[in-house]
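Novice: Numbering (full-length UniProt numbering), first residue to last: 1 to 242.
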Amino acid sequence: MERAIVKGNPIQMSNHPWVYSGNILSCNAPKGACVEVYSRKGVFLGSAIYNPDSSIALRFYSREREELSYLFIKEKLIVADKKRRKHFNKPYYRVAFSESDDLPGLIVDRYGDGFVFQINSYGMEVRREEVIKAIFDAFSPSFIVEKSEGHARKVEGLKERTEVVLNEASYNLSRIIVEEDGLKFYVDLINGQKTGFFYDQRYNRALIEDSLKGNYVLDLFSYIGAFSLRALRKGKKVFAID
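1) By the DSSP assignment, the beta strand (DSSP E) with leucine 220 in it spans what residues?
2) Does the structure place the region 18-27 close enough to the region 51-60 that three or more beta carbon pairs sit under 8 Å?
3) With a Cβ-Cβ cutoff of 8 Å, do glycine 123 and proline 141 count as a contact?
4) Measure the C-alpha to C-alpha separation of aspartate 102 and isoleucine 49 and round it to an integer number of angstroms.
5) If we ignore side chains and look at the alpha-carbon of each, how far apart do phenylalanine 117 and arginine 59 end up?
6) So the alpha helix (DSSP H) glutamate 129 belongs to, where does it begin and stop?
7) According to the neighbour-count rule (16 or more other Cβ atoms, all chains shown, within 10 Å of its Cβ), is threonine 162 buried or exposed?
8) Whole angstroms is fine: what's the gap from arginine 233's alpha carbon to leucine 45's?
9) Do asparagine 96 and isoleucine 107 have their C-beta atoms within less than 8 Å of each other?
10) Helix, strand or coil for asparagine 167? Go by DSSP, reduced to three states.
11) What does the alpha-carbon distance come out to for the pair leucine 71 and alanine 134?
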């Protein structure tokens with residue numbers, strides 16, 4: 001791999017997932033390539049994907065010397081899924097959340113035996129086929145949908161893309177059922193927002209349900225009513241606006 005030399009405190013750099021373009025002293029790698037990152041004093045900081053056209057020029061995926069390969073992505077997805085399964089009794093959750101799971105710019109959500117993914121970095125974009133193969137081989141899914149859209153892609157210089165990659169069981173992907181804490185929701189994976197269901201708000205929804213006071217709830221920007229149904233289950237009267 002090519003090398004990238006960066007300025008800044010090595011200790012701070014070794015604990016941060018990004019290096020901004022203004023901190024790069026030298027890097028001759030092509031756009032989207034994997035690089036070994038070093039401090040100006042030669043301290044190895046990790047392996048990252050490189051995009052000279054983004055303000056976030058380097059995104060770390062490992063603190064070891066290794067490529068962001070199909071096998072790497074597959075193993076990270078398997079490990080991430082095992083971690084989540086310990087906390088959820090139903091297979092409806094976010095499997096991988098970008099840098100949090102050493103997969104910078106990749107989000108993968110699970111809907112039962114199907115998956116939705118979103119790519120938000122150039123380094124992952126050029127490895128799109130590896131991402132799809134990794135999801136398929138790791139989980140043997142019945143469907144795979146790509147919902148790569150939003151501001152993050154524009155920052156990386158990428159166009160938006162929505163595509164049904166796989167749908168072996170001919171599911172109605174505009175009406176997928178999601179279960180969360182005893183509630184069921186219909187989710188539109190094709191025309192809905194982002195990757196369909198806001199899994200990252202699960203804790204907030206539970207928190208709201210347990211702390212509601214009074215008899216009335218106003219739910220603004222309600223989307224599919226995930227917060228509203230929590231309030232209704234508590235016997236509240238809800239006015240939802242989207």
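Glycine included, each C-beta is placed from N, C-alpha and C at the ideal position.
Specialist: With the structure as the only source:
1) To locate residue 220, count along the sequence shown from 1; it is residue 220. Segment 216-220, the beta strand (DSSP E) holding leucine 220.
2) Counting Cβ pairs under 8 Å, three or more are found: they touch.
3) By one-based count along the sequence shown, residue 123 stands at place 123. By one-based count along the sequence shown, residue 141 stands at place 141. Contact: no.
4) In the sequence shown, residue 102 corresponds to position 102, counting from 1. In the sequence shown, residue 49 corresponds to position 49, counting from 1. If I take the Cα positions, the gap works out to 11 Å.
5) Mapped onto the sequence shown, residue 117 falls at position 117. Mapped onto the sequence shown, residue 59 falls at position 59. So the two alpha carbons sit approximately 19 Å from each other.
6) Here residue 129 is taken as the residue at index 129 of the sequence shown, counted from 1. Counting along the chain, the alpha helix (DSSP H) containing glutamate 129 begins and ends at 128-139.
7) Mapped onto the sequence shown, residue 162 falls at position 162. So threonine 162 counts as exposed.
8) Taking the first residue of the sequence shown as position 1, residue 233 is located at position 233. Taking the first residue of the sequence shown as position 1, residue 45 is located at position 45. Roughly 50 Å separates the two Cα atoms.
9) Looking up residue 96 in the sequence shown gives position 96. Looking up residue 107 in the sequence shown gives position 107. For the sequence presented, residue 96 should be read as alanine rather than asparagine. Result yes, Cβ atoms of alanine 96 and isoleucine 107 sit closer than 8 Å.
10) Residue 167 sits at position 167 when you count from the first residue of the sequence shown. Three-state result, asparagine 167: strand.
11) Against the sequence shown, residue 71 aligns to sequence position 71. Against the sequence shown, residue 134 aligns to sequence position 134. Near 7 Å, if we compare the C-alpha coordinates of alanine 134 and leucine 71.
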